[in-house]
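Written below as structure tokens is the structure these notes are about.
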Amino acid sequence: MVTRLLSLQILGQHGFANWAMSQVAVLLLVSGTLILGITPEAASGQEFGRANDIETNAAYFFYGQAGGATIQVNLLGVRASGVYEVPDSTDLGKVLSLAGGMNLRPRPEEQERPEVTIRLYRGGQIGGDPAFEALLREILRGKRDVPVLRENDTITVDVVRPSTFTFSQGLSIVSTLASIGLLLDRVLNR
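Its first residue numbered 31, the sequence shown is counted upward by one per residue in this note's numbering.
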């Protein structure tokens, strides 16, 4: 009590008014969040903007500039799949490079490179005929022009690995067939 009186005397008349106002503000803030059931984390997340309207389990990546016009595109089949918000003049190649590349596993040198097909669907609809389809190697060699993206485009990246048939797999099949043949021979020749 003595320390409180001393602090009130030190604060003076104007200092006390400022202190009292700050205490009332804190009290109103705490009681308002408790009454409304809003946690401080949720209250701090109530920001204005399109980024808070997204409800998805996928990752969200923002590459726009403050105040600049942006579009949202969906990117599937890459290392960093998710929703990308990019400047409205961004092309397909730029978004693919932002995503960090394809989901490729290491391969032996003698194995062929996988076929990577890029498909672009307009309006977020996957299925049907894509608005753009090309092999990645054609895009990288400059044989195909990449389109500028639009709002709600969906890009799919499909990696088709060439089938490999190793010697051990062939030997396994031959030994299985030989075992079946011997078994049939024993059963039928009793």
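For every residue, glycine included, the Cβ atom is placed at its ideal position computed from N, Cα and C. Bear in mind the structure is a predicted one, so any value in this text is a computation, not a measurement.
Option nearest residue i by Cα separation, candidates the options
{"i": "glutamate 115", "options": "Leu212, Arg152, Glu181 and Ser202", "result": "Glu181"}
{"i": "glycine 107", "options": "Ala129, Gly98, Val176 and Ser202", "result": "Ala129"}
{"i": "glycine 123", "options": "Thr100, Ala208, Ile169 and Gly211", "result": "Ile169"}
{"i": "glycine 158", "options": "Ile210, Arg149, Ser202 and Gln102", "result": "Arg149"}
{"i": "glutamine 155", "options": "Phe91, Val217, Asp183 and Val176", "result": "Asp183"}
Cutoff 7 Å; reference residue i; Cβ partners in own chain excluding five residues on either side
{"i": "leucine 105", "result": "Ser111, Gly112, Tyr114, Val125, Ala129 and Ile185"}
{"i": "serine 119", "result": "Val178"}
{"i": "threonine 100", "result": "Gly94, Glu115, Val116, Pro117 and Asp118"}
Cβ neighbour criterion (16 or more within 10 Å) applied to residue i
{"i": "tyrosine 151", "result": "buried"}
{"i": "leucine 214", "result": "exposed"}
{"i": "valine 146", "result": "buried"}
{"i": "leucine 166", "result": "buried"}
{"i": "valine 103", "result": "buried"}
Close-in-space but distant-in-sequence residues of the same chain around residue i (CB under 8 Å, 5 per side omitted)
{"i": "glutamine 95", "result": "Pro117"}
{"i": "serine 127", "result": "none"}
Within 7 Å, strictly: CB atoms of residue i and residue j
{"i": "valine 189", "j": "proline 160", "result": "no"}
{"i": "valine 187", "j": "aspartate 121", "result": "no"}
{"i": "arginine 171", "j": "alanine 164", "result": "no"}
Near the ligand SAM: residue i beta-carbon under 6 Å from a heavy atom
{"i": "glutamate 168", "result": "Ligands are entirely absent from the displayed structure, and the ligand SAM is therefore not among its contents."}
If we require 3 or more residues per run, which beta strand (DSSP E) segments fall completely within the segment 143-182? Positions of the beta strand (DSSP E) runs, each at least 3 residues long and wholly inside the segment 143-182, are given as 145-151 and 162-165 in order along the chain.
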